[in-house]
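Have a look at the structure below, then the notes.
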Amino acid sequence: MNKVKTTSEKSLTNNSRIVGLLAQLEKINSESLLVEADTARYVTSKILHLAQSQEKTRKEMTAKGSPAIEVILSTLENTRDLQTTLNILNILIELVSVGGGRKASALVSKGGTQILLQLLLSASKDSPPNEELMVQLHSLLAKIGPKDKKFGVKARISGTLNISLNLVKQSLQNHRLILPCLQVLRVYSTNSVNAVSLGKNGVVELMFKIIGPFSKKNTGLMKVALDTLAALLKSKTNARRAVDRGYVHVLLTSYVDWHRHDSRHRHMLIRKGILQCIKSVTNIKLGRKAFIDANGMKILYNTSQDCLAVRTLDPLVNTSSLIMRKCFPKNRLPLPTIKSVFHFQLPVIPISGPVAQLYSLPPEVDDVVDESDDNDDIETESEIENENEDDKDHLFKNDDIETDINKLKPRQELGRPTEELKMYEQFFPELSDNFKDYDLVFKEPKPFASDANLGGPIVVPTAGEEQSVEANHSVMGITVKESHHLQAEECNKRPAFLDLPKNDRNKDNSLQQQSDQKKLLSSCQCLSYEIVKGLDRITLQNTSKNEQYYKTGCVMKKESKTSLTSLTCNKPCQHVSSCGSVLFEGRSVQLGKLCFTGVDPEEEDDSSSHSSGEQVILEVPDILPLHDPDLYIEIVKNTKSVPEYSEVAYPDYFGHIPPPFKEPILERPYGVQRTKISQDIERLIHQNDIIDRVIYDLDNPSYSVPEEGEILKFNSKFESGNLRKVIQIRKNEYDLILNSDINSNHYHQWFYFEVSGMRPGIGYRFNIINCEKSNSQFNYGMQPLMYSVQEALNSRPWWTRVGTDICYYKNHFARSSIAAGGQKGKSYYTITFTVNFPHKDDVCYFAYHYPYTYSTLRMHLQKLESMHNPQQIYFRQDTLCETLSGNSCPLVTITAMPESNYFEHICQFRNRPYIFLSARVHPGETNASWVMKGTLEYLMSNNPTAQSLRESYIFKIVPMLNPDGVINGNHRCSLSGEDLNRQWQNPNPDLHPTIYHAKGLLQYLAAIKRLPLVYCDYHGHSRKKNVFMYGCSIKETVWHTNVSAASCDLIEDLGYRGLQIGTRELEEMGAKFCVGLLRLKRLTSPLEFNLPSCLLDIENELIESSCKVTSPTTYVLDEDEPRFLEEVDYSAESNDEQDIELADNAGNYEPSVQEEGLSDSEMTRTHLP
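Residues in the sequence shown are numbered consecutively from 7, following this note's numbering.
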């Protein structure tokens, strides 16, 4: 008890003493001329003693509201006594050293920087200046300088920049003095103007007098000098000065010396400091050239290889890798031109835009590599360049609707003449058909069963139409007869200017009639050499649904014009040589070659044990009810491509079923990227080891592939294929170059190609070297897709995720800024992956994402039409228009048939709200087509919910807005060379027919007061995960956020976390989107249309959540990506999102839109309940 009391009294005494001392010091400040210096010296020495010995004293002096710092700074400003000044400097150093950055900031906020700089200026006038004062003053400035954002400006204005520099020049041997001076110079140099000024006064040369070869002495001084030099060399002026004086060679020599002698790695910070100086000086072209001339690539490559075994030296390896990548000489792609190898003559050349610019480029301009200093890509401190600013610049220059709030204002007039819109009436026969010639469920008229909540016709709610409401709501209880009269009257209302006779077009069902005579999907069969020799046509056979899911063996049919011969195989497959089988006469179309040796030995044993000498038939019973290989071939005959493809890829012929296993996201191996970069750098260092042989080249069709057994063979001459050139780099390594979109010189991302001639047990490395996006999900666990023909013939017809050592990084290939349309991001990126093939001489296909061709869509629509029940489902397939190359753009209508042709049932049918859906405006976003497939199949199913949807809505669907782009393997554009998703504002009927007429459909609906309740356009996204939506305003945009599910009706299915997305999940999302539409039924009141409260409140909830603003109208939620050496920009990507001008009322004749985006790889899934 007594001890506690004693401690308390002591604390009180100490507190009283510091308060008293500060009061004395404040009194001295006010009477400075009358008090002797000894008094101030005594008081400050006592305060220093207490600050050094008592932690509580330091806390009290820096506590909020304490006047201690102001009193001490005031004394420092007024005193002329050297010892008092030193005491105060030591007090401040003590307070700042213990308190950290917060205490230094407090000192800055109270004007400490100006007082200290003024003191430095005064002290420098003494001859000679007091060493102790200069040491303490610079020590304190070095601590508070980094906390003062305007420190460099204040120093320059006060005239103290050169004081520290001159002290270093005069005291090179006085390490105690020059160390804090160098620390202050380092802070000065963070200001570019100061760095240039100091450079003119010889600071760069001075630093190289301090930096030297390996020595165990003065390592602290060496480290600070290197840090100062690295900061100075960020200035291009100083960097050029260093290059002119030959200092790049000096730095490399010093680095080798420290690397050789620092065997115990005790001086890693010095070695890294030298690398930081090299990194800064190589930001300019002259520095990179000097680095190459000094053999820097080989030096850093060899030293970094020595460091790989020690994990703590990773900073050295990473910095060396960054420098080598930056200094690797920029090369143009090994192509005659970066324009597409295919050309399509446009009916009209645009006046402005990317296509016009492409046509106006001078010859060979795209072969120029621009390496001017003005366009240098200055690297950031992270290993990989951060290109967020480039993306943001581009974001505000595009035609995205969401970046221009003025575009959201509704227009009050039709975009096209009303007479012209009459042409679209033919696509809406459901609004005028009386169904007298249809075989309905009820032959006789049946009394109309009105909903208890409805007393009149079901009127389509629109955001822009103010519907009249009777004051007396009891009118809803009118008699049935009156109700009939009102409904009939409503049904017969049509705008006079659109009163055209009905024009029922006869659809061409010839393909469907042929398909009805064929089997449903057969899948995969083994081929013996004897069978293949006699085959003119390959077909697959389907057997009873009740038999075993898969059986081994094979069945083949040979079809001629007059007869059909079935062949069966009772033995294991033997070696099958390469062949290209003609599939039909007339226009020649071939399947790809079959190159394989038969099933694996284990599979042969299984096959023998199961067959027991009896014939076993391979079958896939109703696995793919919408896939028919023979029908697919028939459709391909009528598909028009610019290259006039004559081959069919086996995955498209066989079809794809989701594998019966989950595919988790691939874990990224540590250091895989730097390993791949090192292998790329070896190409420059060991050029004699590089084969550099062209294996495949679309630019040179007559090029003959060397017939060597160990060389892979490539092909992409089939629908949606994209591979332009292949160069063999090493024995098992190949560089692949993708083709640009037609009538374009960029948009490289989508790939789909065939590989054959492989050997098992060998790791083949593939490098796709001309990608353009600054990052990819390939850096976060996504794998490319592979389809093995051998696996398909062994009853496993599916795409699977394959590949190891996958990464995506910037390479040394570039294009000129002129060819890039003025964009700063001129470098290309590499997707690299390594594959071990399981079978010898297999035929495998690789793709960016699950392919879904135009012919596949046509086949699926034909099968849907043939399989539906016409008594229940109203299904109509029209041709909206023809594309530039003459392919039809399908338009699908789906709803429920009326119960009878009684006028009330017909009226209910005609008044169903419209749902407008579209997809695949960007060809490379194949996941959108798989989601659309799920939507179509669900809407055509016998599911009770699907039937309810059909009875509630009329679905108008354009499942593929860009058929030409899909057919020709484009990634983003149509044959016009333009992004169709940027043409909604003012589409050209000659250049953008699908957009022009899709918009015309919507304008027609607006003209007859039938705006769609929902318009959703399906997309994919290359760098985002999850399922999300964009809308024309944030209130109509639903994001997957941390907002509670109760407020925004979002539910996350955790079962998909950590998995790569597959077609099963994509199709499921299409079905679940339909289920979400069913919730809108409660909004379709006959009187008014009310937005759900969750959408009205979503804006405030989003803004309050953790989100960042990237454009005036777009909020992007932070992603939870794991950090790694390359950072991903997850800002709203202007060229990855779709936005259409929309209306808020009937005055604007364009519909409300929500865009559904689906990523190539999803870690979580969101489904709308």
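Heads up, the beta-carbon is just placed ideally off N, CA and C, and yes, glycines get one too. Owing to the predicted nature of the structure, the values given are computational and were not obtained by experimental measurement.
Original post:
Can you give the Cα-Cα distance for residue 711 and residue 664, rounded to whole angstroms?
Top reply: Numbered from 1 along the sequence shown, position 705 holds the residue referred to as residue 711. Numbered from 1 along the sequence shown, position 658 holds the residue referred to as residue 664. If you take the alpha carbons of residue 711 and residue 664, they lie about 35 Å apart.
Original post:
Taking contact to mean at least 3 C-beta pairs separated by less than 8 Å, is the stretch 861–880 in contact with the stretch 773–780?
Top reply: At 8 Å Cβ cutoff, the stretches do not touch.
**OP:** Report buried or exposed for residue 579, applying the criterion of at least 16 other Cβ atoms within 10 angstroms of its Cβ.
**Re:** Translated into positions along the sequence shown, residue 579 becomes position 573. Interpretation of residue 579 is limited by its pLDDT of 35, a score under 50 that renders its predicted location unreliable; the figure taken from the coordinates is listed afterwards. Taking all protein chains shown into account, residue 579 has 16 or more neighbouring C-beta atoms within 10 Å of its C-beta and is therefore buried.
**OP:** Report the residue from 715, 837, 725 whose alpha carbon sits nearest the alpha carbon of residue 1181.
**Re:** Since the displayed the chain opens at 7 and closes at 1175, residue 1181 lies outside it and no answer follows.
**OP:** Output yes or no for whether 8 Å exceeds the beta carbon distance between residue 84 and residue 47.
**Re:** Stepping through the sequence shown from its first residue, residue 84 is reached at position 78. Stepping through the sequence shown from its first residue, residue 47 is reached at position 41. No.
Subject >> Residues that residue 679 bridges to, as DSSP identifies them >> reply: Within the sequence shown, numbered from 1, the residue matching residue 679 stands at position 673. Looking at the DSSP output, residue 679 bridges to nothing.
Subject >> Through-space distance from residue 142 to residue 97, alpha-carbon basis >> reply: Against the sequence shown, residue 97 aligns to sequence position 91. Against the sequence shown, residue 142 aligns to sequence position 136. Straight-line Cα distance between these residues: approximately 11 Å.
**OP:** Assess, as a yes-or-no matter, whether the stretch 969–983 is touched by the stretch 939–947 under the definition of 3 or more beta carbon pairs within less than 8 Å.
**Re:** Touching, no, given that fewer than three Cβ pairs across the two stretches are closer than 8 Å.
Original post:
What are the complete alpha helix (DSSP H) segments, minimum 4 residues, inside the stretch 144–194?
Top reply: DSSP runs (the alpha helix (DSSP H)) wholly in the stretch 144–194: 157–164, 167–176, 181–194.
**OP:** Report the rounded CA-to-CA distance for residue 254 versus residue 226, giving the unit in angstroms.
**Re:** Counted from its first residue, the sequence shown places residue 254 at position 248. Counted from its first residue, the sequence shown places residue 226 at position 220. Spanning the two alpha carbons is a distance of roughly 22 Å.
Original post:
Just curious, the alpha helix (DSSP H) that residue 354 is in, first and last residue?
Top reply: Numbered from 1 along the sequence shown, position 348 holds the residue referred to as residue 354. Here residue 354 belongs to no alpha helix (DSSP H), and DSSP marks it neither H nor E.
Original post:
So, using beta-carbon positions, are residue 960 and residue 431 closer together than 8 Å?
Top reply: Here the question's residue 960 lines up with position 954 in the sequence shown. Here the question's residue 431 lines up with position 425 in the sequence shown. Cβ atoms of residue 960 and residue 431: not closer than 8 Å.
**OP:** Report the option in 787, 1020, 935, 728 whose CA atom is closest to the CA atom of residue 925.
**Re:** Reading the sequence shown from its first residue, position 919 is the one you call residue 925. Selected option, being the one with the closest Cα: 935.
Original post:
Taking the alpha-carbon positions, what's the residue 223 to residue 280 distance?
Top reply: Numbered from 1 along the sequence shown, position 217 holds the residue referred to as residue 223. Numbered from 1 along the sequence shown, position 274 holds the residue referred to as residue 280. Between the alpha carbons of residue 223 and residue 280 lies a distance of about 17 Å.
Original post:
What do you get for residue 26, buried or exposed, if any count of 16 or more other CB atoms within 10 angstroms of its CB means buried?
Top reply: Here residue 26 is taken as the residue at index 20 of the sequence shown, counted from 1. Burial call: exposed.
**OP:** Give the range of the alpha helix (DSSP H) segment to which residue 876 is assigned.
**Re:** Here residue 876 corresponds to residue number 870 of the sequence shown, with the count starting at 1. For residue 876, no alpha helix (DSSP H) encloses it, and the DSSP letter there is neither H nor E.
**OP:** Output the distance between the C-alpha atoms of residue 887 and residue 703, rounded to the nearest integer angstrom.
**Re:** Here the question's residue 887 lines up with position 881 in the sequence shown. Here the question's residue 703 lines up with position 697 in the sequence shown. Each residue's alpha carbon lies about 35 Å from the other.
**OP:** Determine the burial state of residue 1025: buried for a count of at least 16 other Cβ atoms within 10 Å of its Cβ, exposed for fewer.
**Re:** Position 1019 of the sequence shown, counted from the start, is the residue given in the question as residue 1025. The Cβ neighbour count for residue 1025, taken over all protein chains shown within 10 Å, is at least 16; the residue is labelled buried.
**OP:** Output the distance between the C-alpha atoms of residue 937 and residue 883, rounded to the nearest integer angstrom.
**Re:** Position 931 of the sequence shown, counted from the start, is the residue given in the question as residue 937. Position 877 of the sequence shown, counted from the start, is the residue given in the question as residue 883. Rounded to the nearest angstrom, the two C-alpha atoms are 19 Å apart.
Original post:
For residue 89, which residues from the same chain have a beta carbon less than 6 Å from its beta carbon, with the 5 sequence-adjacent residues on both sides left out?
Top reply: One-based indexing of the sequence shown puts residue 89 at position 83. Same-chain partners within the cutoff: 47.
Original post:
Between residue 24 and residue 56, is the Cβ-Cβ spacing less than 8 Å?
Top reply: Against the sequence shown, residue 24 aligns to sequence position 18. Against the sequence shown, residue 56 aligns to sequence position 50. Taking 8 Å as the Cβ cut-off, residue 24 and residue 56 qualify as a contacting pair.
**OP:** Note down the Cα distance separating residue 334 from residue 162, rounded to an integer number of angstroms.
**Re:** One-based indexing of the sequence shown puts residue 334 at position 328. One-based indexing of the sequence shown puts residue 162 at position 156. Using only the alpha carbons, I get a separation of about 38 Å.
**OP:** Give the range of the alpha helix (DSSP H) segment to which residue 1009 is assigned.
**Re:** For the purposes of this step, residue 1009 is taken as the residue at position 1003 of the sequence shown. Its alpha helix (DSSP H) spans residues 999–1013.
Subject >> Close Cβ partners of residue 348 (< 6 Å) along its chain, the five nearest in sequence each way excluded >> reply: Locating residue 348 in the sequence shown gives position 342, counting from the first residue. The residues are 648, 649, 748.
**OP:** Sort out for me which residues DSSP pairs residue 734 with in a bridge.
**Re:** As a first step, residue 734 must be located in the sequence shown, where it is residue number 728. According to DSSP, residue 734 bridges with 699, 740.
**OP:** Please report how far the alpha carbon of residue 221 lies from the alpha carbon of residue 49, in whole angstroms.
**Re:** As a working mapping, residue 221 is identified with position 215 in the sequence shown. As a working mapping, residue 49 is identified with position 43 in the sequence shown. One Cα belongs to residue 221, the other to residue 49, and the distance between them is close to 45 Å.
Original post:
Do you know offhand how far residue 353's Cα is from residue 863's?
Top reply: Taking the sequence shown and counting its residues from 1, one reaches residue 353 at position 347. Taking the sequence shown and counting its residues from 1, one reaches residue 863 at position 857. In this structure, the CA atom of residue 353 is about 27 Å from the CA atom of residue 863.
**OP:** Return yes when the Cβ of residue 102 is within less than 8 Å of the Cβ of residue 113, no when it is not.
**Re:** Numbered from 1 along the sequence shown, position 107 holds the residue referred to as residue 113. Numbered from 1 along the sequence shown, position 96 holds the residue referred to as residue 102. For residue 113 and residue 102, yes; Cβs fall inside 8 Å.
Subject >> Which residues DSSP lists as bridging residue 837, in chain order >> reply: Within the sequence shown, numbered from 1, the residue matching residue 837 stands at position 831. Partner(s): 774, 814.
**OP:** Give me the Cα-Cα distance between residue 366 and residue 358, rounded to the nearest whole angstrom.
**Re:** Locating residue 366 in the sequence shown gives position 360, counting from the first residue. Locating residue 358 in the sequence shown gives position 352, counting from the first residue. Computed Cα separation, rounded: 10 Å.
**OP:** Give the straight-line distance between the Cα atoms of residue 631 and residue 869, rounded to the nearest whole angstrom.
**Re:** Looking up residue 631 in the sequence shown gives position 625. Looking up residue 869 in the sequence shown gives position 863. Roughly 8 Å separates the two Cα atoms.
Original post:
Who pairs with residue 924 in a beta bridge, going by DSSP?
Top reply: Translated into positions along the sequence shown, residue 924 becomes position 918. Answer is 964, 1023, bridged to residue 924.
Original post:
How big is the Cα-Cα spacing for residue 995 and residue 1002?
Top reply: Here residue 995 is taken as the residue at index 989 of the sequence shown, counted from 1. Here residue 1002 is taken as the residue at index 996 of the sequence shown, counted from 1. Taking the straight line joining both Cα atoms gives about 6 Å.
Original post:
In this structure, does DSSP put residue 2 in helix, strand or coil?
Top reply: Absent from the structure is residue 2, since the part of the chain shown begins at 7 and ends at 1175.
**OP:** Just confirm the distance between the C-beta atoms of residue 790 and residue 854, as a whole number of angstroms; I'd bet it's less than 8 Å.
**Re:** Walking along the sequence shown from the start, residue 790 turns up at place 784. Walking along the sequence shown from the start, residue 854 turns up at place 848. For residue 790 against residue 854, the beta-carbon gap comes to about 7 Å, under 8 Å, which counts as contact.
Subject >> Close Cβ partners of residue 186 (< 7 Å) along its chain, the five nearest in sequence each way excluded >> reply: Translated into positions along the sequence shown, residue 186 becomes position 180. Answer for residue 186: 141, 144, 145, 148, listed in chain order.
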